[in-house]
Amino acid sequence: MTALEVWWRALAPPEEVESARALYELTPRWSSGNLPFVDGPYDPTRESHWADAARVADYASALPASVSDRGSRILDFGPGDGWPALPLAAALPLAQVTGVDPAPLRVAVCVANARRLGLDNARFVVGDGAALPFPDASFDLVTASQSLEEARDPSKVLAEIARVLRPGGVLRASYQVWALPARRFETVTLVEGVDCLLYTYAVRCQDPPHERRYVLVLPSDGEAAEIHREALIASADAPRAYGETLLTRRSPLGAPLLERLVPFARRSFVIDLHRWTTAWLVEALRHAGFSDVRATVHTGDLARAFARGAIARGEVDALAPHFDAITRALGEAASRQPGESMVTAIR
Ligand SMILES: C[S@@+](CC[C@H](N)C(=O)[O-])C[C@H]1O[C@@H](n2cnc3c(N)ncnc32)[C@H](O)[C@@H]1O
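Residue 182 in this note's numbering sits at position 177 of the sequence shown; the count goes up by one each step and never skips.
Okay, structure coming up:
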């Protein structure tokens, strides 16, 4: 354990919980309100929109060839604010898309987004991936974007996905490949939660691949809010990693800040996450009962590289009318190209 972990455990003994309860249930908008398609139409001048459209096309093309999209049943595991469930429901209007997430707040956000987008073939239910609330063999395709690895017991989750897929059904998932640029990384974040403020501290370790994330839940007013705001301003100049503030030695955002915030803490949580290498995931999927398992490149990376080149060469306006056809071709190509970050597994 790091010095700060030891200190945190002494000052604010944390309750061990799943990430859904300590993070996703407390975050008003997981995606900061700027998801292409969900929060606004695709914009071909933006690299990330090419990437997301290609990823949706990839998921859609993973539907087994033996079923037409009419009446096909798709499960999206851990949809956050509705991704990829919602754009997938729009791309396959005759399919029935179900999103499952253990955080009731995430489900409420997805339901509201589906209603706003007028998608009546997308439904969302509260449920834990380790005990999916569906009968055996009830889906043709399971999709997952950065969500399988959130579960405390990934082997149970993979076994559950194998159970709810029909024979010949497909799992197509993106996952975070655990390859840190250093043996260990420590970061903090200061964010706004639902009727609260959050101070989080994460320790990422390369070997064994692992992440522990500590969360202090604070009131959103009074002295705690003042300290939180001051720290947020101070963090603006600090170096960043993984979109979070890197904790350097003797940083005032580590132990000194924790000590100031602890007297106001409503809750203290720790989330313990097993992180994945591709070799581990492929083996775990075989063990869960999948017959054909293939790791592939990430569709988003392929599409981003394409879009970056087109933008740099000033070709985007000419390509914009072909956005759907090109992103579809990129999505289909990526799912056949060996690599890391996404996986296809056939039941
Ligand atoms: C990193 S977010 C990804 C959200 C979305 N798929 C995306 O790509 O924007 C992880 C999601 O997984 C959900 N999640 C966490 N633990 C889970 C579990 N045990 N079973 C199913 N989903 C879970 C979280 O609530 C959250 O919505």
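Ideal Cβ placement from N, Cα and C applies to all residues, glycine included.
Fair warning: this is a prediction, and the values are worked out from it, not measured in the lab.
Proximity to residue 144 [Cα-Cα], best of 203, 87, 118 and 68 | Numbered from its first residue, the sequence shown carries residue 144 at position 139. Of all alpha-carbon atoms in 203, 87, 118 and 68, the one lying nearest the alpha-carbon of residue 144 is that of 68.
Which runs of the beta strand (DSSP E) fall wholly inside the segment 176-246 and span at least 3 residues, in chain order?
-> DSSP runs (the beta strand (DSSP E)) wholly in the segment 176-246: 189-198, 201-210 and 215-223.
Hey, would you say the C-beta of residue 168 is under 8 Å away from at least one heavy atom of ligand 1?
-> For the purposes of this step, residue 168 is identified with residue 163 of the sequence shown, where counting begins at 1. Result no, Cβ not under 8 Å from ligand 1.
For residue 351: DSSP bridge partner residues = Numbered from its first residue, the sequence shown carries residue 351 at position 346. 175 and 297, per the DSSP bridge assignment.
In angstroms with no decimal places, state the Cα-to-Cα distance between residue 81 and residue 103.
-> The residue labelled residue 81 in the question sits at position 76 within the sequence shown. The residue labelled residue 103 in the question sits at position 98 within the sequence shown. Cα to Cα, the separation comes out at about 6 Å.
Under the rule that 16 or more other beta-carbon atoms within 10 Å means buried, what is residue 319, buried or exposed?
-> Taking the first residue of the sequence shown as 1, we reach residue 319 at position 314. Residue 319 is exposed by the Cβ-count criterion.
Touching or not, the segment 17-32 and the segment 267-285, by the rule of three or more beta carbon pairs under 8 Å?
-> Output reads yes: the segment 267-285 touches the segment 17-32.
Take residue 208 as the anchor and find which of 219, 121 and 223 has the nearest alpha-carbon.
-> Start at 1 with the first residue of the sequence shown, and residue 208 comes out as number 203. Across the set 219, 121 and 223, the C-alpha of 219 shows the shortest separation from the C-alpha of residue 208.
Check whether the segment 332-348 touches the segment 296-315, counting contact only when three or more Cβ pairs, one atom from each stretch, lie closer than 8 Å.
-> As far as the Cβ criterion goes, the segment 332-348 touches the segment 296-315, which means the pair count is three or higher.
Could you pull out every residue in the same chain whose Cβ sits closer than 7 Å to the Cβ of residue 266, ignoring the five residues on either side in sequence?
-> For the purposes of this step, residue 266 is taken as the residue at position 261 of the sequence shown. Once the five neighbours on either side are set aside, the close Cβ partners of residue 266 are 204, 221, 223, 229 and 232.
Which whole-angstrom value describes the C-beta separation of residue 29 and residue 111, a residue pair presumed to lie in contact below a C-beta threshold of 8 Å?
-> Sequence index remark: in the sequence shown, residue 29 carries index 24 (1-based). Sequence index remark: in the sequence shown, residue 111 carries index 106 (1-based). A Cβ-Cβ distance of about 5 Å is found for the pair residue 29 and residue 111, placing them in contact under the 8 Å criterion.
Between residue 50 and ligand 3, is the CB less than 8 Å from at least one heavy atom?
-> This structure simply doesn't include ligand 3; it includes ligand 1 instead.
Could you tell me whether the Cβ atoms of residue 290 and residue 163 are closer together than 9 Å?
-> Taking the sequence shown and counting its residues from 1, the one referred to as residue 290 is at position 285. Taking the sequence shown and counting its residues from 1, the one referred to as residue 163 is at position 158. Yes.
Cβ-heavy atom distance between residue 29 and ligand 1 below 8 Å?
-> Translated into the one-based positions of the sequence shown, residue 29 becomes position 24. Within the cutoff, so yes.
Report yes if the C-beta of residue 82 is less than 8 Å from at least one heavy atom of ligand 1; otherwise report no.
-> Indexing the sequence shown from 1 puts residue 82 at position 77. Residue 82: yes, Cβ under 8 Å from ligand 1.
Beta strand (DSSP E) segment containing residue 318, residue limits = The residue you call residue 318 lines up with position 313 of the sequence shown. Element bounds for residue 318: n/a, residue is neither H nor E.
Can the beta-carbon of residue 9 be found closer than 9 Å to that of residue 270?
-> Position 4 of the sequence shown, counted from the first residue, corresponds to residue 9. Position 265 of the sequence shown, counted from the first residue, corresponds to residue 270. Not closer than 9 Å, so no.
Classification of residue 169 by the beta-carbon crowding that lies within 10 angstroms, buried from 16 upward = By one-based count along the sequence shown, residue 169 stands at place 164. Buried: at least 16 other Cβ atoms inside 10 Å.
Smallest Cα separation from residue 282: which of 257, 185 and 237?
-> Counted from its first residue, the sequence shown places residue 282 at position 277. Among 257, 185 and 237, the Cα nearest to that of residue 282 is on 185.
Between which two residues does the beta strand (DSSP E) harbouring residue 287 extend?
-> In the sequence shown, residue 287 corresponds to position 282, counting from 1. In the DSSP assignment, residue 287 falls outside any beta strand (DSSP E) and lies within the alpha helix (DSSP H) extending over 283-292.
If we ignore side chains and look at the alpha-carbon of each, how far apart do residue 212 and residue 188 end up?
-> Residue numbering aside, residue 212 sits at position 207 when the sequence shown is read from its first letter. Residue numbering aside, residue 188 sits at position 183 when the sequence shown is read from its first letter. Rounded to whole angstroms, residue 212 to residue 188 spans 7 Å at the Cα level.
Taking residue 127 as part of the beta strand (DSSP E), name the residues at either end of that continuous run.
-> The residue labelled residue 127 in the question sits at position 122 within the sequence shown. Secondary structure note for residue 127: its beta strand (DSSP E) is the uninterrupted segment 127-131.
Rounded to a whole number of angstroms, what is the C-alpha to C-alpha distance between residue 171 and residue 76?
-> Position 166 of the sequence shown, counted from the first residue, corresponds to residue 171. Position 71 of the sequence shown, counted from the first residue, corresponds to residue 76. One Cα belongs to residue 171, the other to residue 76, and the distance between them is close to 14 Å.
Run of the beta strand (DSSP E) containing residue 250, from where it starts to where it stops = The residue you call residue 250 lines up with position 245 of the sequence shown. Per DSSP, the continuous beta strand (DSSP E) segment holding residue 250 begins and ends at 249-251.
If you measure from the CB of residue 36, is any heavy atom of ligand 1 nearer than 8 Å?
-> Position 31 of the sequence shown holds residue 36. Distance from the C-beta of residue 36 to the nearest heavy atom of ligand 1 is below 8 Å.
Residue 196 and residue 252: beta carbons closer than 9 Å?
-> As a working mapping, residue 196 is identified with position 191 in the sequence shown. As a working mapping, residue 252 is identified with position 247 in the sequence shown. With contacts defined by Cβ atoms closer than 9 Å, residue 196 and residue 252 do not form a contacting pair.
Got a sec? Which residues, its chain only, sit under 7 Å from residue 298 by beta carbon, not counting five neighbours each side?
-> Locating residue 298 in the sequence shown gives position 293, where the first residue counts as 1. Within the same chain, 287, 290, 291, 348 and 350 come within 7 Å of residue 298 by CB-CB distance, once the 5 residues on both sides are set aside.
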